[in-house]
């Protein structure tokens with residue numbers, strides 16, 4: 058997995074691209090598990106506060122563990 062862009066050292070677009078790239082649908086639901094972990098929610102919505110620079114990626118990810 059790529060290095061997570063820190064809010065203070067990245068742009069909104071870089072954070073958005075990170076989410077898009079890291080959480081692409083793999084069309085292999087039995088082996089992926091992203092939909093189950095994030096309860097079928099759109100990942101850009103889940104990580105909207107991170108993308109906007111409001112909360113860290115880790116803070117949001119902890120909510121889904």
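Residue numbers (my numbering): 58 to 122. Note that the Cβ used here is the ideal one computed from N, Cα and C, for glycine as well.
Per-residue DSSP class, three states only, for residue i
i	result
residue 61	coil
residue 87	helix
residue 81	coil
residue 69	helix
Boundaries of the alpha helix (DSSP H) in which residue i is found, first to last residue
i	result
residue 120	114-120
residue 107	105-108
Own chain, CB closer than 7 Å to residue i, minus 5 neighbours either side, in chain order
i	result
residue 80	91, 100
residue 86	92
Close beta carbons around residue i, own chain, < 6 Å, minus the five adjacent residues each side
i	result
residue 117	104, 107
residue 62	71, 72, 75
Close-in-space but distant-in-sequence residues of the same chain around residue i (CB under 8 Å, 5 per side omitted)
i	result
residue 69	108, 109, 110
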